[in-house]
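Counted the way this note's numbering counts, the sequence shown spans residues 15 to 401. Where is the CB? At the ideal position from N, CA and C, for every residue including glycine. Below you'll find the structure, written out as structure tokens, and then a few comments.
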Amino acid sequence: MKPAAVAVIGGGVMGASAADHLAARGRRDIVILDRAEGPGAGSTGRATGGYRAQYGTPINVRLSLLARDKLLRFEEETGVEPGYLRSGYLWLAVNQAELAALDAGRRVQHAEGLLEAASVTPGEIARLNPAIRLEGIVGGAYCPTDGFIRPLGILEGYLASAARLGVRVEWGVEVTGLRRADDGRITEVGTSRGPIAVETVVNAAGPWAAAVGEMAAIALPVTPLRRQIAATAPCDLLPADMPMTIWAGDGFHLRVRDGRVLLLWPTPGAPGRPFDASVDPAWIDAVTAMAHARVPVLRKAVVDRASCWAGLYEMSPDKHAILGAGSECSNLYFINGASGHGVMHAPALGHLLAEIICDGRATTLDVRCLDPGRFARGQLNVAGEVL
Ligand SMILES: Cc1cc2nc3c(=O)[nH]c(=O)nc-3n(C[C@H](O)[C@H](O)[C@H](O)COP(=O)(O)OP(=O)(O)OC[C@H]3O[C@@H](n4cnc5c(N)ncnc54)[C@H](O)[C@@H]3O)c2cc1C
């Protein structure tokens with residue numbers, strides 16, 4: 015295959031954003047390689063489309079705010095509407111410890127300038143989402159500028175913009191190996207269609223990123239974690255602009271999308287089958303029972319089993335993204351491990367990675383706490399979030 019200045023492994027939202035931002039910075043001869051036959055086959059196509067800045071660490075709030083700025087300009091810059099809807103994220107606490115954790119998060123958010131994030135009383139919760147059974151709820155947190163985005167729209171926008179800037183996308187090409195020279199740098203990407211001589215490689219392989227790291231004999235601590243979604247049959251039991259509503263203790267949450275109510279509840283994944291993305295029927299029964307207890311109107315809804323789906327989060331050990339090159343290999347860059355926040359953070363992470371590659375460091379934000387070496391140094395970010 016033709017040599018490339020930059021090979022981006024993975025054409026999900028991360029790879030597309032990285033490639034587009036690199037091309038916008040003037041990099042030429044960029045190729046995206048993806049083994050899927052077309053866009054959206056990985057995690058990006060499975061995402062529910064939540065956007066929030068209500069996080070508990072400064073870096074995640076900053077990434078969300080940078081992403082929000084970029085989402086507001088997204089259509090102008092890429093030609094595709096990202097579907098950013100300010101429907102809010104409403105967190106519910108059932109005890110004082112959960113409330114204290116939400117309060118601690120809000121102090122971080124306010125310090126980062128997210129002043130619209132507020133605590134809410136049970137009475138305010140009833141106004142924001144009247145469908146919730148209030149019994150046992152002691153309070154919560156709400157941010158009106160959180161809400162929803164369209165994962166496939168964002169992917170489409172970055173791919174279209176990148177293509178206009180000359181980025182090539184090769185679908186149906188599996189990356190099978192990375193050849194390193196004596197100085198440690200990668201010189202060649204092995205693919206199912208033959209080798210490609212390269213100067214720079216970006217690992218954007220989502221939940222499969224660790225396997226790409228292994229090809230260069232680099233241990234990248236990204237692990238898949240199954241997330242399942244139960245979808246009701248189309249119904250009008252809840253309003254389309256209902257806030258994403260999340261129980262802070264166990265992470266059960268729901269939203270309305272395309273006329274269906276989507277129910278989510280994080281569980282540990284299929285034991286012994288980390289890449290299994292099938293839906294467990296017992297999980298559907300359990301999440302449906304939770305929905306009936308917490309949102310009584312949903313007792314009238316029918317869960318449409320054929321429309322339920324699952325996908326894989328790309329977890330890092332501290333649930334924060336891994337961004338930049340490691341010390342072992344100076345021309346292999348990571349944009350991985352966003353831990354289930356990747357669609358909303360891709361606009362920011364792609365922008366920042368382009369700065370790292372083009373300028374040697376990110377300047378828009380200080381992202382040293384996301385560097386790949388932090389795990390070996392024992393400098394993990396501390397995230398108390400359930401999601
Ligand atoms: C159920 C669910 C709900 C989610 N909800 C949200 C949400 O509300 N908001 C949010 O921000 N995020 C959400 N996420 C997380 C989000 O989907 C991910 O963080 C994001 O899509 C990661 O993007 P990516 O480009 O890294 O990965 P992917 O989209 O998985 O792309 C990786 C690509 O790499 C390719 N690839 C892998 N290995 C190779 C190889 N060897 N050779 C060639 N190609 C390869 C794959 O084919 C794939 O296309 C959700 C995820 C799931 C599963």
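Between the Cα of alanine 397 and the Cα atoms of His359, Leu366, Ser330, which residue gives the shortest distance?
Ser330
To the nearest angstrom, how far is the alpha carbon of leucine 268 from that of isoleucine 200?
44 angstroms
Given the structure, does proline 221 come close to ligand 1, in the sense that its CB is under 7 angstroms from one of the ligand's heavy atoms?
yes
Short of 6 angstroms in beta carbon distance, which residues of its chain neighbour isoleucine 46, apart from the five on each side in sequence? Order them along the chain.
Excluding positions up to five away in sequence, the list reads Val22, Gly25, Gly29, Ala33, Val183.
Please classify glutamine 242: is it buried, with 16 or more other beta-carbons within 10 angstroms of its beta-carbon, or exposed?
buried
Looking at C-beta atoms only, is the number of pairs between the segment 256-270 and the segment 342-358 that lie closer than 8 angstroms three or more?
No: fewer than three Cβ pairs fall under 8 angstroms.
For the putative contact between alanine 131 and glutamine 123, defined by C-beta atoms under 8 angstroms, what is the C-beta separation to the nearest angstrom?
4 angstroms
Could you check which residue in Asn395, Val226, Ala244, Ala230 has the C-alpha nearest to that of valine 236?
Shortest Cα-Cα distance from valine 236 to any of Asn395, Val226, Ala244, Ala230 involves Val226.
Of all the options His35, Arg178, Met15, which has the alpha carbon lying nearest to the alpha carbon of isoleucine 370?
His35
Quick one: which unbroken alpha helix (DSSP H) runs of 4-plus residues sit fully inside the segment 146-223? Chain order, please.
165-178
What's the call for aspartate 255, buried or exposed, on a 16-neighbour Cβ count within 10 Å?
exposed
If distances are taken between C-alpha atoms only, which option among Ala37, Arg388, Ser57 comes closest to leucine 234?
Arg388
Counting only beta-carbon atoms, is glutamate 51 nearer than 8 angstroms to chain B?
Reference to chain B is not applicable here, since this structure consists of a single protein chain.
Is histidine 355 near ligand 1, in the sense that its beta carbon is under 7 angstroms from a heavy atom of that ligand?
yes
Does the Cβ of aspartate 332 have 16 or more other Cβ atoms within 10 Å, making it buried, or fewer, making it exposed?
Buried: at least 16 other Cβ atoms inside 10 Å.
Closer than 7 angstroms to a non-hydrogen atom of ligand 1 - does that hold for the CB of tyrosine 327?
yes
Ligand 1 and threonine 237: does any heavy atom of the ligand fall closer than 7 angstroms to the residue's C-beta?
no
Counting along the chain, where does the alpha helix (DSSP H) carrying leucine 367 start and finish?
356-373 is the extent of the alpha helix (DSSP H) around leucine 367.
Answer yes or no: do valine 293 and alanine 324 have a C-beta to C-beta separation smaller than 8 angstroms?
yes
Are there any heavy atoms of ligand 1 lying less than 7 angstroms away from the beta-carbon of methionine 15, as far as the coordinates show?
no
Compute the Euclidean distance between the alpha carbons of alanine 384 and isoleucine 349, then round it to the nearest angstrom.
Correcting the residue identity first, residue 384 is leucine in this sequence and not alanine. Leucine 384 and isoleucine 349: Cα-Cα distance of roughly 10 angstroms.
Please report the straight-line C-alpha distance between glutamate 51 and glutamate 188, rounded to a whole angstrom.
10 angstroms
From the DSSP secondary-structure annotation, give me the bridge partner or partners of proline 238.
For proline 238, which the question treats as bridged, DSSP gives the partners Glu328.
Which class does asparagine 350 belong to by DSSP, given the choice of helix, strand or coil?
strand
Identify every residue that forms a DSSP beta bridge with leucine 116.
The partner list for leucine 116 (beta bridge, DSSP) is empty, contrary to what the question assumes.
When the Cβ atoms of the segment 152-169 are set against those of the segment 98-115, are three or more pairs found closer than 8 angstroms?
The segment 152-169 is in contact with the segment 98-115.
Less than 8 angstroms between the CB atoms is what I'm expecting for arginine 274 and alanine 245, so what's the real figure, rounded?
5 angstroms
In three-state terms, what does DSSP make of isoleucine 139?
helix
Would you kindly report the start and end of the unbroken alpha helix (DSSP H) that includes glycine 29?
27-38
Rounded to whole angstroms, what's the CA-CA distance from isoleucine 298 to arginine 375? Just pull it up for me.
45 angstroms
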